[in-house]
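Here the sequence shown is numbered in the working numbering, starting from 16 and rising by one per residue.
Think of the CB as a built atom: it goes at the ideal place given N, C-alpha and C, for glycine as much as any other residue.
If you're wondering where the values come from, they're calculated on a predicted model, not measured in any experiment.
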Amino acid sequence: VAQCLQLVNARVEIMDACDFVLEIVRTTEVLNAMPNLDYQSCSV
């Protein structure tokens with residue numbers, strides 16, 4: 016059970032990090048000039 020909780024916590028941290036990055040992407044016009052970035056990589 017402890018290992019399972021650790022995995023869940025790690026996943027939550029990853030999702031939070033993705034949300035943080037996506038917020039930066041949404042609010043940064045400069046990144047609009049970089050179409051090669053894979054924004055979908057966070058929806059794994």
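Pull up the distance between the alpha-carbon of residue i and that of residue j, whole angstroms please.
i     : j     : result
Ala32 : Leu20 : 18 angstroms
Arg41 : Ala17 : 36 angstroms
Is the closest heavy atom of the ligand NAD to the C-beta of residue i under 7 angstroms?
i     : result
Glu28 : No copy of the ligand NAD appears in this structure; indeed no ligand is present at all.
Which residues in the same chain have their Cβ closer than 8 angstroms to the Cβ of residue i, if we skip the five residues on either side of it in sequence?
i     : result
Val59 : Residue placement at Val59 is flagged as unreliable, the pLDDT there being 45, under the threshold of 50; a coordinate-derived value is accordingly withheld.
Arg26 : none
Where does the unbroken alpha helix (DSSP H) through residue i begin, and where does it stop?
i     : result
Thr42 : Ala17 to Thr42
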